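The block underneath contains the structure these notes are about, expressed in structure tokens.
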Amino acid sequence: MRIPGTRQTIDQGDLDAVTCALQRDLLTTGPGVAEFESAFAQATGARFAVALNSGTSALHAAVCAAGIGESSGGSAEDEVIVPAISFVATANAVLYQNAKPVFADVESNTLRIDPADVRRKITSRTKAILAMDYAGQPCDYAALQEIADQHGVLLLADACHSLGGKVSANHSTKKVGSLADVSCFSLHPAKQITSCEGGVATTNDESLAARMKAFRNHGISTDHRAREKRITHQYAMESLGYNYRLSDVQSALGLSQLHRLEKFTARRQHLAGLYDSLLGECDFVAPLESDAADGHARHLYVVKWKPEIAGCSRDQAFTAMRKSGIGVNVHYQPIFEQPYYQRLIVKGAIEAARCPTARQVYSQILSLPIFPTMTQAEVHDVVSSLKSVAATWRRKTEVAA
Ligand SMILES: Cc1ncc(COP(=O)(O)O)c(C=O)c1O
3 MRIPGTRQTI
13 DQGDLDAVTC
23 ALQRDLLTTG
33 PGVAEFESAF
43 AQATGARFAV
53 ALNSGTSALH
63 AAVCAAGIGE
73 SSGGSAEDEV
83 IVPAISFVAT
93 ANAVLYQNAK
103 PVFADVESNT
113 LRIDPADVRR
123 KITSRTKAIL
133 AMDYAGQPCD
143 YAALQEIADQ
153 HGVLLLADAC
163 HSLGGKVSAN
173 HSTKKVGSLA
183 DVSCFSLHPA
193 KQITSCEGGV
203 ATTNDESLAA
213 RMKAFRNHGI
223 STDHRAREKR
233 ITHQYAMESL
243 GYNYRLSDVQ
253 SALGLSQLHR
263 LEKFTARRQH
273 LAGLYDSLLG
283 ECDFVAPLES
293 DAADGHARHL
303 YVVKWKPEIA
313 GCSRDQAFTA
323 MRKSGIGVNV
333 HYQPIFEQPY
343 YQRLIVKGAI
353 EAARCPTARQ
363 VYSQILSLPI
373 FPTMTQAEVH
383 DVVSSLKSVA
393 ATWRRKTEVA
403 A
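Under my numbering, the sequence shown is numbered contiguously, ending at residue 403.
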């Protein structure tokens with residue numbers, strides 16, 4: 003790709019941090035993990051941060067710690083409300099616990115979970131609402147919290163897009179990571195910061211943090227260093243867990259990247275502002291809306307493609323842009339349209355989704371490249387390419403008419 007959709011930013015400090023971590027005695031389950039966790043908790047305003055080996059395992063840990071599904075003290079009938087448009091991992095985390103994802107529709111102008119539809123879909127079987135900060139914009143947590151409180155359910159956040167985001171209201175600012183009972187982050191290279199693969203779950207609740215820590219380590223409540231201190235070889239596996247640990251080497255990279263999070267976020271916001279102003283004169287696209295520019299982490303820059311004005315469909319524009327070497331993408335097809343979910347619906351294992359907005363916007367959305375090292379010239383290049391795609395197709399339709 004001439005301009006990729008996303009690209010990680012690795013500097014000499016990252017290389018030094020990894021080299022240094024590789025020279026320590028403990029490559030995993032050492033002090034580097036706790037050091038990263040404590041810096042992450044501080045950066046997100048949460049009391050506790052639990053490092054895991056992916057955003058997916060962070061989501062799984064959160065759903066399990068919330069007591070959802072038979073294996074963690076709940077029931078097979080447990081339901082979790084999830085957004086219709088997200089990466090599949092959001093809903094998969096519910097299936098891992100043998101519980102049922104219930105899809106809520108998204109807001110047409112932001113693609114975040116629609117609180118009004120959450121209210122319509124909530125039942126006595128609902129155990130949690132799992133929101134996702136689409137493109138990096140925090141959901142309407144005030145509205146979601148009100149619903150969660152009314153129904154006595156937990157509010158979980160898939161914050162895999164929104165590290166560095168924040169919400170300001172009534173003269174106070176809260177960072178993403180402290181807006182829900184548990185917030186889950188991904189450290190995949192496409193995300194705001196990376197540890198190659200990795201994830202973090204943040205919470206203010208000590209017992210949820212303890213459950214997630216045990217969950218990432220086979221359900222064992224102590225690690226080898228705690229046992230070393232107590233001079234014992236014995237450990238107790240109290241619940242069913244997994245090996246979802248993040249290594250010290252990955253933690254060292256994550257920590258080094260975390261130091262530059264504010265810089266990365268500011269750069270993403272600057273590039274998004276440039277897109278906003280350049281696309282203002284393009285009638286064939288409509289950028290998604292944002293509540294507050296400084297709270298949006300800008301993981302993605304998404305526009306709605308207007309086929310009736312551009313003269314071609316979103317898919318035709320996608321193909322033309324990719325052919326010209328620009329890494330546009332589509333985030334995401336509604337999860338319930340995936341073949342696996344369709345089979346679950348046909349079997350009656352989960353309910354059919356009534357999410358008309360998600361179905362409709364899927365054919366319109368197009369993600370444009372955005373990453374911290376992207377240059378202003380590259381943003382201009384993307385916008386000129388979009389204009390030339392639309393101009394070419396408009397000419398074709400005029401000739402055909
Ligand atoms: C919204 C969302 N949720 C979950 C995940 C899963 O994160 P990971 O790839 O780190 O497992 C991703 C990453 O692609 C994501 O974008």
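Where is the CB? At the ideal position from N, CA and C, for every residue including glycine.
These numbers were taken from a predicted model, which means no experiment stands behind them.
(request) Could you check how far apart the C-beta atoms of G34 and A254 are, in whole angstroms? I think they sit under 8 Å. (result) The count along the sequence shown starts at 1 and reaches residue 34 at position 32. The count along the sequence shown starts at 1 and reaches residue 254 at position 252. G34 to A254, Cβ: 5 Å. Contact.
(request) Look up I222 in the DSSP assignment and give the residues it is bridged to. (result) By 1-based counting over the sequence shown, the position of residue 222 is 220. Answer is M239.
(message) My output table needs one value for L113: the three-state DSSP class, helix, strand or coil.
(response) Here the question's residue 113 lines up with position 111 in the sequence shown. If DSSP states are grouped into helix, strand and coil, L113 belongs with coil.
(message) So, at 8 Å on beta carbons, what are the nonlocal neighbours of A238 in its own chain, with the 5 sequence-adjacent residues on each side left out?
(response) By one-based count along the sequence shown, residue 238 stands at place 236. Around A238: I222, S223 and T224.
(request) Kindly examine ligand 1 and report whether one of its heavy atoms sits closer than 6 Å to the Cβ of C162. (result) Within the sequence shown, residue 162 is the residue found at index 160, counting from 1. Result yes, Cβ under 6 Å from ligand 1.
(request) Would you check if the distance between the CB atom of D27 and the CB atom of S258 is smaller than 7 Å? (result) Working through the sequence shown from its first residue, we reach residue 27 at position 25. Working through the sequence shown from its first residue, we reach residue 258 at position 256. Going by C-beta atoms, D27 is not nearer than 7 Å to S258.
(request) Hey, could you find the ends of the alpha helix (DSSP H) C22 is sitting in? (result) For the purposes of this step, residue 22 is taken as the residue at position 20 of the sequence shown. It spans Q14 to L24 - the alpha helix (DSSP H) in which C22 sits, taken as one unbroken run.
(request) Inspect the beta-carbon positions of V96 and V65 and report whether they are closer than 7 Å. (result) What you label residue 96 is simply residue 94 of the sequence shown in a count that begins at 1. What you label residue 65 is simply residue 63 of the sequence shown in a count that begins at 1. Yes, these two residues count as a Cβ contact at 7 Å.
(request) Could you please give me the residues that DSSP links to N94 through a beta bridge? (result) The count along the sequence shown starts at 1 and reaches residue 94 at position 92. DSSP output for N94 lists no bridge partner at all.
(message) So the candidates are E148, N94 and Q139; which of them puts its Cα closest to the Cα of P117?
(response) By 1-based counting over the sequence shown, the position of residue 117 is 115. Ranking E148, N94 and Q139 by Cα distance to P117 puts E148 first.
(message) Taking 6 Å as the cut-off, is the beta-carbon of M214 closer than that to any non-hydrogen atom of ligand 1?
(response) Numbered from 1 along the sequence shown, position 212 holds the residue referred to as residue 214. Answer for M214: no, Cβ out of range of ligand 1.
(request) Flag this pair as yes or no: are the beta carbons of A161 and S185 separated by less than 7 Å? (result) One-based indexing of the sequence shown puts residue 161 at position 159. One-based indexing of the sequence shown puts residue 185 at position 183. Closer than 7 Å, so yes.
(message) Pull the bridge partners of P289 from the DSSP assignment, please.
(response) Residue 289 sits at position 287 when you count from the first residue of the sequence shown. V305.
(request) Find the nearest neighbour of P6 within the set T377, T394, K398 and A403, judged by alpha-carbon distance. (result) Position 4 of the sequence shown, counting from 1, holds the residue named residue 6. Out of T377, T394, K398 and A403, T377 has the C-alpha closest to the C-alpha of P6.
(request) Determine the contact status of L290 and T8, defining contact as a CB-CB distance below 7 Å. (result) Position 288 of the sequence shown, counting from 1, holds the residue named residue 290. Position 6 of the sequence shown, counting from 1, holds the residue named residue 8. No; because the gap between Cβ atoms is not below 7 Å, this pair is not in contact.
(request) Look up F373 in the DSSP assignment and say whether it is helix, strand or coil. (result) In the sequence shown, residue 373 corresponds to position 371, counting from 1. In the structure shown, F373 sits in coil (DSSP, three-state: anything other than H, G, I, E or B).
(request) May I ask whether a heavy atom of ligand 1 can be found less than 6 Å away from the beta carbon of G297? (result) Position 295 of the sequence shown, counted from the first residue, corresponds to residue 297. False, no ligand heavy atom lies under 6 Å from that Cβ.
(request) With DSSP collapsed to three states, give me the class of L276. (result) Here residue 276 refers to the residue found at position 274 when the sequence shown is read from its first residue. Three-state result, L276: helix.
(request) Under 7 Å Cβ to Cβ from R213, same chain only, skipping five residues before and after it: list those, please. (result) Here residue 213 is taken as the residue at index 211 of the sequence shown, counted from 1. A67.
(message) DSSP three-state label for A216, please.
(response) Within the sequence shown, residue 216 is the residue found at index 214, counting from 1. Helix.
(request) Could you pull the start and end residues of the alpha helix (DSSP H) that M323 belongs to? (result) Taking the sequence shown and counting its residues from 1, the one referred to as residue 323 is at position 321. It spans R316 to K325 - the alpha helix (DSSP H) in which M323 sits, taken as one unbroken run.
(request) Rounded to whole angstroms, what's the CA-CA distance from L346 to F338? Just pull it up for me. (result) Counted from its first residue, the sequence shown places residue 346 at position 344. Counted from its first residue, the sequence shown places residue 338 at position 336. Looking at the two C-alpha atoms, the distance is approximately 9 Å.
(message) If I follow the unbroken alpha helix (DSSP H) through G2, where does it start and stop?
(response) The question about residue 2 has no answer, for the chain in this structure spans 3 to 403.
(message) Which same chain residues end up closer than 7 Å to E72 when comparing Cβ atoms and leaving out the 5 residues on each side of it in sequence?
(response) Numbered from its first residue, the sequence shown carries residue 72 at position 70. Taken in chain order, the residues that qualify are A78 and N100.
(message) According to DSSP, simplified to helix, strand and coil, what is E72?
(response) Locating residue 72 in the sequence shown gives position 70, counting from the first residue. E72 falls in the helix class under three-state DSSP.
(request) Could you work out which residue in D250, M323, T128 and T267 is closest to K389 when comparing CA atoms only? (result) Taking the first residue of the sequence shown as position 1, residue 389 is located at position 387. Minimum Cα distance to K389 is reached at M323.
(request) Give me the Cα-Cα distance between V251 and M134, rounded to the nearest whole angstrom. (result) As a position in the sequence shown, residue 251 is number 249, starting the count at 1. As a position in the sequence shown, residue 134 is number 132, starting the count at 1. Approximately 28 Å, taken between the alpha carbons.
(request) With DSSP collapsed to three states, give me the class of L157. (result) Within the sequence shown, the letter at position 155 stands for residue 157. Three-state result, L157: strand.
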